[in-house]
Structure formats: C-alpha cells, structure tokens
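Engineer:
Chains as they are written, first to last, in the numbering used here: chain D, 1 to 442; chain P, 1 to 560.
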C-alpha cells in the first residue's frame with residue numbers, strides 16, 4: 001500500500017495550510033480579529049461553520065489516496081472506511097430503503113417456473129426473513145445508530161467541557177455549536193448504521209449506493225470551490241491592484257485583457273480546454289495509467305480554466321477600489337515619506353482590499369459548486385468516472401425520463417448540494433456583514 | 001408670557017449599540033419663542049443635532065427616547081402617530097441640513113423637488129405650483145429663477161444648492177425652521193450671504209429660527225438667544241435681552257470655548273525678524289488639460305495654480321489662505337511633488353528641487369493632511385505608521401533605536417509611548433492629528449506643509465493643535481506652509497500670509513499688514529465676511545474682566 005499524492009490533493013492540502021496560517025495571522029492582528037469575533041458571535045454563522053467543517057473534513061479524508069499493490073487502483077482513506085457501502089453493489093435501480101429491486105424481472109423459481117416479479121436485493125435487507133418487518137427493523141437500527149452517535153457526542157462534549165474548564169468564557173455561542181454537532185453526529189451515525197443494512201438513498205443504474213456517491217461528491221465540490229479561488233486570486237488581486245494603482249498604459253492593458261476575456265463565453269473556453277486535455281491524455285496514454293489519475297487531472301484542469309475565466313469580476317472590483325484608495329491621504333503621506341510603490345501596494349493598498357477579497361471569495365465558493373453541476377450537465381465538467389453532484393444530476397436527466405421515474409439520485413444530489421451551498425452562503429453572509437466597512441463598528 | 005412655540009422638557013435620548021446604551025442627550029430643557037432666533041451651540045458629539053432630530057422625530061433606528069416631551073404649541077410631538085407627524089414635518093417644522101450636496105436628489109430637477117413639498121402640504125399643482133416655486137426661488141435670491149427651476153442639483157454651486165434647500169424648507173410655510181449647521185460646508189463669503197438671507201427671510205415672514213452650530217462667532221452675530229450644550233446637557237443659556245450674547249459667561253466650559261476661539265487681533269504682537277530663505281517658489285503653474293473630441297485633443301486648461309511665487313523663510317510660517325477650489329492644496333502638493341507641476345521652479349535653499357534626490361527631498365519636506373481619519377492606514381499599528389518614514393528614508397537605523405525614536409516622537413506630541421501598539425481608530429480626531437504631526441516629524445523635516453490641519457476639529461482641539469505646532473516650531477525651528485481657509489487661524493499662527501484666488505496669489509505680506517490693512521479688494525471681502533463681529537465686543541469685555549480679577553485664568557476651572 002503506497003501513498004499517492006494527486007495534483008488536487010497536494011493543492012487542497014496546501015490551501016488548507018494557507019488557511020490555517022491565515023487564521024493564525026489574523027488572530028494576532030487586532031483589526032482582523034475584531035470582525036472575526038463578530039462572525040463568531042453570530043449563531044447562524046456558527047451553525048453553518050460546523051456544517052462546513054464536517055463537509056471539509058469529509059473532503060480532506062477523501063483526499064488521502066493510496067494505491068493497492070504496485071499497479072492496483074487508487075483509492076482514498078474514505079473509500080477504505082466506507083468499503084461496505086462501496087462493495088455492496090446491487091444489480092440495478094432500487095428505491096431508498098427498499099428490499100426489492102425497483103423494476104420487475106423474469107425470475108427462475110427453484111421449481112423451474114419463471115415469474116415476472118421484483119426480486120429481493122442481494123444486500124439490502126438481506127438479513128430479514130420477512131420483508132414485511134422492514135420498518136420496525138429500520139427504526140431499531142436507526143435508533144441504535146443514533147444512540148451510539150449520542151454517546152460519541154456526549155464523550156466529546158465532556159472532553160471539551162473539561163478542557164475549557166477554568167478558562168474565561170468566550171464569545172462563541174457554545175450551546176448552538178454543541179447542538180449542531182449533536183444533530184450532525186447522531187444523524188451521521190444513524191445513517192451509517194442504516195446504510196450498512198439498507199441503501200438509504202437507494203441505488204443507481206448499475207446498483208451502486210447513492211449515498212456513497214453523494215459523500216464522494218463532497219470532495220469534488222470542495223476542490224472546485226477552493227482551488228478555483230486559489231487560481232483566480234493572484235490574477236484578480238495582482239492585475240486589479242496594478243491597474244488601479246499605476247493607471248496609464250498598465251491600466252489600459254489590463255482592462256483590455258479582461259474585457260476581451262469577459263466577452264468570450266466562459267462555457268466555450270471551458271469546453272475547449274477540456275477537449276484539449278482529453279486529447280493530451282489520449283496521446284500520452286502511458287503517463288496516465290490509472291483511472292483516478294486521469295480523472296484527477298481533468299478535475300485539476302477544470303479548476304484551472306474556471307479560475308482563469310472567473311477572475312475578471314473581482315479584478316474589476318479591486319481596480320475600482322484601488323483607484324479610490326490611491327487617492328487616500330495615507331497613501332499620499334507614504335509617497336511623501338519616500339515609500340516605494342511596491343511597499344505602498346503591499347502595506348497600504350492590499351490590506352485595505354482584504355475585506356473585498358474575502359467577501360467575494362466566500363460568495364463565489366457556492367457559485368462554483370453550482371457551476372460544476374451545470375458544466376457536468378453539458379458534459380464539459382469533471383470526468384464521467386468522478387463522483388460529483390453534477391454527474392449525478394446529469395444521470396438523473398435520463399432517469400427522470402423513464403417510467404416509473406427514478407427520483408432519488410437527483411434528490412440525494414440536491415440535498416447534499418443544498419446543505420453545502422446553504423451553509424457556505426450563510427457563513428459568507430455573516431463574513432460580509434462583519435467585514436463591510438460601511439457597517440457601524442460596535 | 002404666552003406659551004413658547006416649541007418647548008422641550010427633560011429630553012433624554014440613548015443610542016443602543018452592541019447591547020450597551022449610551023446617553024447622547026441627557027435631560028435637555030429649552031423653549032423657543034415665536035419669531036426669535038434660538039441657537040444651540042456645542043462641539044461635535046454634544047448632542048445638538050440629535051436634539052433637533054428628536055423634535056422632528058427623525059432619529060435613526062438605534063436611538064431611543066428615554067424620557068421627555070417635545071411640545072409644538074400644545075401638542076406633544078413625541079406622542080403623535082406617524083401619519084400625523086408627516087403633517088408636521090415640512091409644514092410646521094422644516095429643516096435645513098448641513099451638506100447641500102447630499103440633501104438634494106441628484107436625478108430630479110430642483111423645481112420638482114420644491115413642488116413636491118408644495119403638492120404635499122399646500123395642495124398646489126401644475127401652473128400654480130410652478131408659479132409659487134419661482135416665487136420661492138426669487139425669495140432665496142437665486143438669479144435667473146426661470147432657467148434654474150428646470151436644472152439639476154449638479155448644475156448649481158454649493159451656495160445655490162443651500163439656497164434651494166432653504167426654498168424647499170420655506171415651501172411649506174413652516175412656523176419653525178431648524179437649520180442644522182447650514183453653512184459649515186460652505187465658504188466664508190457664501191456663509192455670510194446665506195446667514196444674511198436667513199435673517200432677512202425670518203424678518204419678512206416672522207418665522208422662528210432654530211440654529212444649530214458649533215461656531216460661537218456666527219451665533220453671536222445672528223441669534224437672539226443661545227444655549228451651550230456639552231455632553232448631552234445644556235450648561236448655560238444666554239438671552240440677547242440681557243446685552244450681547246456670551247458677554248457674561250459663567251460656566252467654565254463656555255469660558256473655555258470663548259478662550260479657544262482664534263482671533264484676528266492675536267497677530268498684532270508678532271514681530272518680523274528677517275531669516276534666510278528656505279523655500280522659494282517661482283511662477284509655479286499646475287494646469288490640467290481639458291480634452292475634447294474623438295482625438296482627445298487639448299482644448300484648454302483648468303488652471304488650478306496659475307503662476308504662484310513666494311518665499312518662505314527658515315523657522316517661519318507662511319499661510320496660504322483662500323476659499324475652496326482656489327488651488328491652495330494643489331499648490332502645497334505640487335511643492336512636495338505629489339502632483340506634477342506644469343511649469344515654474346521650486347528652490348530649496350537656492351537649489352532646484354528637481355535636482356535633489358528623492359530621499360533628500362522627502363527628508364526636507366513633509367505634509368500633514370486635513371482629515372486625520374483618512375490620513376492613517378486603519379490596518380497598521382501606530383508604531384508602524386510613525387516608523388514608516390524612518391524605514392524608507394533612514395534604513396540604516398536599527399530596529400531598536402527606531403522604536404525609541406517612535407516613543408520619543410509620541411511623547412513630543414503629547415501622547416503616551418504605549419500608543420505605539422494601538423490602532424488609529426482608538427484615538428480621537430485631535431489625537432490622530434497629533435499622530436499625523438508625529439509621523440511628519442519622524443524624518444526630521446525642515447518644512448512641514450500643513451493642509452488645513454485643524455478644519456476638521458472642534459475649536460478647543462484646534463487651539464491645542466495650533467499650540468503644539470507653535471511649540472514644535474520654537475523647539476525645532478521648523479518652517480510651516482500653513483494652508484487654511486480660516487483667517488482667524490492665520491492670525492494665530494502665521495508670520496506671513498498669501499491670499500489665493502483662482503490659482504493666483506492676490507496679496508502677500510506680513511500677517512498683521514494683510515489682516516488689518518488689506519490692500520486687495522478680495523482680501524477685504526474675505527475679512528468682512530468673517531463671522532463673530534458681535535463677539536468681539538463681548539470678548540473685549542471678558543478680557544478686561546479677567547484682567548481685573550487678578551489673573552484668575554478662566555480656562556483653568558474644572559467643570560462640575
């Protein structure tokens with residue numbers, strides 16, 4: 001078993017490291033600590049933060065990849081934990097919590113007769129003698145799972161309470177955080193226990209567990225949301241600040257660049273880039289031995305091209321703000337003190353743009369997760385073998401057209417995406433409120 | 001005596017912010033009689049505007065009226081339902097706000113904005129409304145009213161916009177007109193015109209005027225009665241019937257305010273000692289090209305500074321005086337090369353400033369800006385702000401010594417050395433201006449360009465800053481180029497004065513000569529527009545009295 005580091009893994013962890021150092025840095029600087037304290041005080045923001053943390057943790061666990069043997073397939077730590085979900089593949093569609101397949105098939109009975117019926121599932125509810133007892137069994141499993149979850153949460157709660165004993169009370173709304181964590185942990189445990197015996201969100205066309213797919217999709221969403229930002233920020237900040245500060249031909253050049261880029265439909269550029277990478281992979285097939293590596297490269301390039309097409313908006317915003325800031329008296333005072341341009345940009349302009357960057361990054365995040373869904377729908381998103389909400393929705397297109405319709409793939413993708421994006425939006429709202437300089441300081 | 005027109009009894013207002021309540025107005029009692037001019041005087045944050053807003057029931061959402069009554073004749077305004085208040089606002093009480101730029105809707109013609117009031121309160125429509133509107137515009141002395149009525153606010157000058165605001169206020173024929181710092185945003189000559197207009201209108205329409213101002217001189221000129229407000233309380237009231245306003249102040253705060261007023265006669269004692277020239281400006285021009293047409297060809301120039309020449313001597317102060325837009329700030333910045341000059345020469349100790357290196361130039365000259373709030377990066381520590389010049393101009397100084405220097409600078413400008421580790425927003429306006437001065441001093445310049453350093457500050461703080469500048473000049477022999485619009489401040493600090501108008505220096509000379517025997521008609525006009533003529537007599541009275549009471553310094557009293 002060897003550790004494999006994929007492109008997106010490395011960048012995702014690098015990004016997390018950046019974030020951690022940023023948090024540490026802002027904890028030391030008073031003017032950054034104040035708005036964050038306001039974010040921490042807000043209850044909805046903290047609920048959202050707990051959910052986001054859970055999602056990010058899942059995504060990170062899913063980003064530690066191993067290779068089985070020397071030439072085996074690449075799988076992640078999360079895959080190993082969820083092996084029972086992954087391996088219990090049914091024949092084809094089955095509804096959520098069903099014990100039988102969704103469609104009728106010819107079944108050969110032991111006595112030789114063939115009947116047109118819905119056969120029992122291979123794994124889900126296989127332990128039941130009589131499928132009629134399903135619901136009481138489900139309730140029992142869910143309750144024991146939830147009970148175990150509650151025990152885990154209680155342990156955690158006591159641990160945290162002990163660790164915090166004697167410390168001064170903080171502004172963090174502990175009760176809210178604890179309650180959110182309780183709901184999250186018990187819910188997850190109940191789901192896990194239940195999914196070991198059933199398919200909570202049903203199975204898809206090839207009989208794969210939909211819950212497993214949805215969980216695997218978290219990483220894709222997370223990677224897209226964060227890495228794209230990482231690609232976009234240097235362009236947006238660098239060019240925006242340069243254009244606004246130096247004016248003249250620098251400004252003209254940068255404006256020309258982004259208006260041109262902006263007037264090309266983004267989808268066209270993305271489609272072209274994805275086709276190019278596909279051609280590249282086809283001609284260099286020897287370098288991409290594993291399916292996971294191929295899919296990962298495509299995801300990486302999708303982030304890249306999304307980043308390159310989406311920096312213009314923020315760049316424009318930052319240029320305008322820099323135009324305003326460069327006339328501020330403290331910038332003029334710095335010039336009168338003989339401070340160089342580079343230092344002025346670094347110490348006077350960029351720190352005062354930081355709130356705009358932060359706000360737009362957090363707001364863009366949810367937009368990017370949604371963009372992935374749209375792009376996969378038109379087949380220029382992530383690799384078809386990559387689990388993503390976009391791919392799930394794309395397959396649901398056909399499932400909704402058959403009769404009787406298969407609704408659970410769409411529902412599961414929707415539920416996960418909705419929770420994730422809603423949490424991100426609530427959190428970004430609180431961040432925006434806290435960092436908006438026009439709001440009254442309290 | 002009949003019941004007063006407006007009576008405020010025991011009014012208390014709190015602001016709710018982040019769970020804590022701050023009392024802004026604390027038990028204010030006042031009465032305004034019909035037909036009189038009542039003035040509420042106080043420094044910023046004293047609660048004078050909030051009191052007026054409470055009478056109009058226009059307080060922001062975070063404010064809460066804790067107790068008190070506001071009676072307009074017999075009605076308690078605080079108990080009226082909102083729809084009834086709409087009958088009062090504009091019709092019975094009207095208000096003029098400080099800034100005419102933001103008080104008018106930029107996308108509606110001024111005629112429509114006046115007619116809105118006419119329609120709402122008097123039911124005038126169409127021709128009738130337009131006719132009345134023209135009458136109002138003529139009343140407030142707007143020339144070519146027929147043309148102006150269809151113009152938008154941006155086509156009018158600041159003074160004209162304030163006249164339109166007054167016309168809007170008059171449209172409802174109110175019994176009480178509240179003017180909240182109506183001239184603070186305007187130039188001194190325009191201020192004199194607007195105040196004369198208000199006084200005239202009041203006389204003609206028997207209107208009651210409630211004036212809110214920070215300017216004791218202005219109030220003394222126009223008001224019949226006055227109340228001095230401090231920290232939400234009225235500390236002293238004056239009645240014009242008992243002799244000139246402020247002639248007999250008892251409360252130490254009023255005395256301090258009066259003592260802090262800059263006065264023209266303070267320049268009398270100054271003596272001119274010839275000193276070697278430090279800075280010579282010769283025929284300096286800053287022109288901005290006006291480009292028009294497809295090819296952006298230069299069609300003309302805006303002459304911000306048009307041939308300014310003067311000499312500043314070592315260790316002395318030259319004041320550049322003029323109204324807004326006269327080019328005085330541009331001239332100051334062009335000398336520092338913050339703005340490129342079109343032509344002309346600036347000589348530093350006889351050498352052309354363009355031949356000096358950037359570092360030498362920056363070490364020689366520094367600048368202090370008008371607004372202490374935007375002059376410091378809000379995201380930097382005070383220590384880093386002060387050390388910035390040292391880092392860039394004296395990189396050889398080690399970090400430890402740099403810190404000591406910063407601490408010494410803070411002490412020099414009267415702030416504790418521990419301020420080093422705080423952020424600018426933790427300081428008040430006056431303290432911030434001290435920090436800005438310290439930042440300029442850090443690189444040990446020989447000349448500091450002070451660009452209206454006191455105009456954003458209250459009178460008492462202004463006095464402290466001027467004293468600080470004077471002390472530093474004595475100690476370090478620094479020269480100042482002091483840019484201001486306020487002739488009284490000039491008298492306090494300057495040795496020489498240059499009066500600027502439309503980019504040109506009209507009159508240049510020793511302060512005493514320019515202020516007391518002005519030659520140029522524009523200087524004479526500026527001087528005659530200066531408010532506070534009525535105050536002079538009471539101040540003279542006051543000084544005589546304090547001389548008699550054996551040097552008992554009025555300002556040294558502690559407040560109750």
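From the three backbone atoms N, C-alpha and C, an ideal C-beta is built for every residue, glycine too. What you are looking at is a predicted structure, and each value in this text was computed from that prediction instead of being measured.
Measuring only the C-alpha atoms, how far is residue 124/P from residue 30/P?
Structural biologist: The sequence position of residue 124/P within the second chain is 124, counting from 1. The sequence position of residue 30/P within the second chain is 30, counting from 1. Going from the Cα of residue 124/P to the Cα of residue 30/P covers about 35 angstroms.
Engineer: Are the C-beta of residue 337/D and some C-beta of chain P separated by less than 9 angstroms?
Structural biologist: By one-based count along the first chain, residue 337/D stands at place 337. Yes, residue 337/D counts as interfacial toward chain P.
Engineer: Cα-Cα, which of 420/P, 440/P, 406/P, 368/P is closest to residue 456/P?
Structural biologist: Locating residue 456/P in the second chain gives position 456, counting from the first residue. Closest by alpha carbon: 368/P.
Engineer: Can you find a C-beta in chain P that's less than 9 angstroms from the C-beta of residue 84/D?
Structural biologist: Residue numbering aside, residue 84/D sits at position 84 when the first chain is read from its first letter. Not one chain P Cβ lies under 9 angstroms of residue 84/D.
Engineer: Residue 194/D and residue 145/D - do their beta-carbons sit closer together than 9 angstroms?
Structural biologist: Looking up residue 145/D in the first chain gives position 145. Looking up residue 194/D in the first chain gives position 194. Yes; because the gap between Cβ atoms is below 9 angstroms, this pair is in contact.
Engineer: Since residue 184/P and residue 319/P are thought to touch, with beta carbons under 8 angstroms apart, how far apart are those beta carbons, to the nearest angstrom?
Structural biologist: As a working note, residue 184/P is residue 184 in the second chain. As a working note, residue 319/P is residue 319 in the second chain. So it is not a contact: roughly 21 angstroms between Cβ atoms.
Engineer: Just verifying my parser: in three-state terms, what is the DSSP assignment at residue 99/D?
Structural biologist: In the first chain, the residue the question calls residue 99/D occupies position 99. Here residue 99/D sits in coil by DSSP.
Engineer: Determine, for residue 141/P, whether the minimum Cβ-Cβ distance to residues of chain D falls below 9 angstroms.
Structural biologist: By one-based count along the second chain, residue 141/P stands at place 141. With 9 angstroms as the cut-off, residue 141/P does not count as an interface residue toward chain D.
Engineer: Which of the three DSSP states is assigned to residue 557/P in this structure?
Structural biologist: Walking along the second chain from the start, residue 557/P turns up at place 557. Note that residue 557/P scores 42 on pLDDT, short of 50, meaning its location in the model is unreliable; the coordinates nonetheless yield the value given after this. The answer is coil: DSSP assigns residue 557/P none of H, G, I, E or B.
Engineer: Who does residue 31/P pair with in a DSSP beta bridge?
Structural biologist: By one-based count along the second chain, residue 31/P stands at place 31. BP columns for residue 31/P point to 7/P.
Engineer: Could you tell me whether any Cβ in chain D is nearer than 9 angstroms to the Cβ of residue 405/P?
Structural biologist: Here the question's residue 405/P lines up with position 405 in the second chain. No, no contact with chain D.
Engineer: How big is the Cα-Cα spacing for residue 556/P and residue 223/P?
Structural biologist: Reading the second chain from its first residue, position 556 is the one you call residue 556/P. Reading the second chain from its first residue, position 223 is the one you call residue 223/P. Confidence at residue 556/P is low in this model, with a pLDDT of 40, below 50, so its placement is unreliable and the value that follows should be read with caution. Cα to Cα, residue 556/P sits roughly 28 angstroms from residue 223/P.
Engineer: Which residue spans inside the segment 139 to 183 of chain P form an unbroken alpha helix (DSSP H) run of at least 4?
Structural biologist: You should have 145 to 148, 158 to 171.
Engineer: Strictly under 9 angstroms for the Cβ-Cβ distance: is residue 200/P near chain D by that measure?
Structural biologist: Here residue 200/P corresponds to residue number 200 of the second chain, with the count starting at 1. So, not an interface residue.
Engineer: According to DSSP, is residue 108/P helix, strand or coil?
Structural biologist: Mapped onto the second chain, residue 108/P falls at position 108. Here residue 108/P sits in coil by DSSP.
Engineer: Assuming the contact rule is C-beta atoms closer than 8 angstroms, residue 268/P and residue 512/P should be a hit. Round their C-beta distance to whole Å, please.
Structural biologist: Within the second chain, the letter at position 268 stands for residue 268/P. Within the second chain, the letter at position 512 stands for residue 512/P. Indeed, because the Cβ distance is near 6 angstroms, the residues count as touching under 8 angstroms.
Engineer: Which runs of the beta strand (DSSP E), 3 residues or longer, sit entirely within the segment 41 to 100 of chain P?
Structural biologist: As far as the segment 41 to 100 of chain P is concerned, its whole beta strand (DSSP E) runs of at least 3 residues are 63 to 72, 93 to 96.
Engineer: Just how far apart, CA to CA, sit residue 191/D and residue 230/D?
Structural biologist: As a first step, residue 191/D is located in the first chain; it is residue number 191 there, counting from the start. As a first step, residue 230/D is located in the first chain; it is residue number 230 there, counting from the start. Going from the Cα of residue 191/D to the Cα of residue 230/D covers about 34 angstroms.
Engineer: With 9 angstroms set as the bound, which would you pick, yes or no: does the beta-carbon of residue 443/P sit closer than that to a beta-carbon of chain D?
Structural biologist: Mapped onto the second chain, residue 443/P falls at position 443. It does: the Cβ of residue 443/P has a partner Cβ on chain D nearer than 9 angstroms.
Engineer: For residue 459/D and residue 99/D, which I take to be in contact (beta-carbon distance under 8 angstroms), what is that distance rounded to the nearest angstrom?
Structural biologist: Missing from the structure shown is residue 459/D; chain D here goes from 1 to 442 and no further.
Engineer: Could you tell me which of 67/P, 178/P, 59/P sits nearest to residue 96/P, measuring between CA atoms?
Structural biologist: As a working mapping, residue 96/P is identified with position 96 in the second chain. The option with the nearest alpha carbon to residue 96/P is 178/P.
Engineer: Verify whether the separation of the beta carbon atoms of residue 429/P and residue 488/P is less than 9 angstroms.
Structural biologist: Start at 1 with the first residue of the second chain, and residue 429/P comes out as number 429. Start at 1 with the first residue of the second chain, and residue 488/P comes out as number 488. Not closer than 9 angstroms, so no.
Engineer: State the DSSP-derived secondary structure class of residue 289/P, mapped to helix, strand or coil.
Structural biologist: Position 289 of the second chain, counted from the start, is the residue given in the question as residue 289/P. In the structure shown, residue 289/P sits in a strand (DSSP, three-state: E or B).
Engineer: So if DSSP puts residue 237/P in a beta bridge, which residue, or which two residues, is it bridged to?
Structural biologist: Reading the second chain from its first residue, position 237 is the one you call residue 237/P. Its beta-bridge partners are 227/P.
Engineer: I need the straight-line Cα distance from residue 560/P to residue 251/P, nearest angstrom please.
Structural biologist: The residue given as residue 560/P occupies position 560 in the second chain. The residue given as residue 251/P occupies position 251 in the second chain. Unreliable placement is indicated for residue 560/P, whose pLDDT of 42 sits below 50; no coordinate value is reported for it.
Engineer: What's the call for residue 285/D, buried or exposed, on a 16-neighbour Cβ count within 10 Å?
Structural biologist: Position 285 of the first chain, counting from 1, holds the residue named residue 285/D. It is exposed - the Cβ of residue 285/D has fewer than 16 other Cβ atoms within 10 Å.
Engineer: Identify, in the order they occur along the chain, each residue of the same chain with its Cβ nearer than 8 angstroms to the Cβ of residue 180/D, setting aside the five sequence neighbours on each side.
Structural biologist: Looking up residue 180/D in the first chain gives position 180. Answer for residue 180/D: 46, 47, 50, 51, listed in chain order.
Engineer: Can you have a look at residue 283/D and say buried or exposed, based on whether 16 or more other CB atoms are within 10 angstroms of its CB?
Structural biologist: Reading the first chain from its first residue, position 283 is the one you call residue 283/D. So residue 283/D counts as exposed.
Engineer: Measuring only the C-alpha atoms, how far is residue 231/P from residue 25/P?
Structural biologist: Translated into positions along the second chain, residue 231/P becomes position 231. Translated into positions along the second chain, residue 25/P becomes position 25. Approximately 7 angstroms, taken between the alpha carbons.
Engineer: Could one say the Cβ of residue 289/P lies closer than 9 angstroms to chain D's Cβ atoms, at least one of them?
Structural biologist: Start at 1 with the first residue of the second chain, and residue 289/P comes out as number 289. By this cut-off, residue 289/P is not an interface position.
Engineer: Just verifying my parser: in three-state terms, what is the DSSP assignment at residue 524/P?
Structural biologist: As a first step, residue 524/P must be located in the second chain, where it is residue number 524. Residue 524/P falls in the helix class under three-state DSSP.
Engineer: Where do the ends of the beta strand (DSSP E) carrying residue 211/D lie?
Structural biologist: As a working note, residue 211/D is residue 211 in the first chain. Careful: residue 211/D lies outside any beta strand (DSSP E), inside the alpha helix (DSSP H) at 210 to 246.
Engineer: Out of 243/P, 394/P, 209/P, 382/P, which one is the CA nearest neighbour of residue 6/P?
Structural biologist: Your numbering for residue 6/P matches position 6 in the second chain. Minimum Cα distance to residue 6/P is reached at 209/P.
Engineer: Which residues, in chain order, does the segment 321 to 332 of chain P contribute to contact with chain D at a C-beta distance below 9 angstroms?
Structural biologist: Answer set for the segment 321 to 332 of chain P: empty.
Engineer: Mark residue 155/P as exposed unless 16 or more other C-beta atoms lie within 10 angstroms of its C-beta, in which case mark it buried.
Structural biologist: Taking the first residue of the second chain as position 1, residue 155/P is located at position 155. Looking at its Cβ environment, which holds fewer than 16 other Cβ atoms inside 10 Å, residue 155/P is exposed.
Engineer: Taking residue 380/D as the reference, which of 355/D, 359/D, 299/D has the closest Cα?
Structural biologist: As a first step, residue 380/D is located in the first chain; it is residue number 380 there, counting from the start. Looking at the Cα atoms, 299/D is the closest of the given residues.
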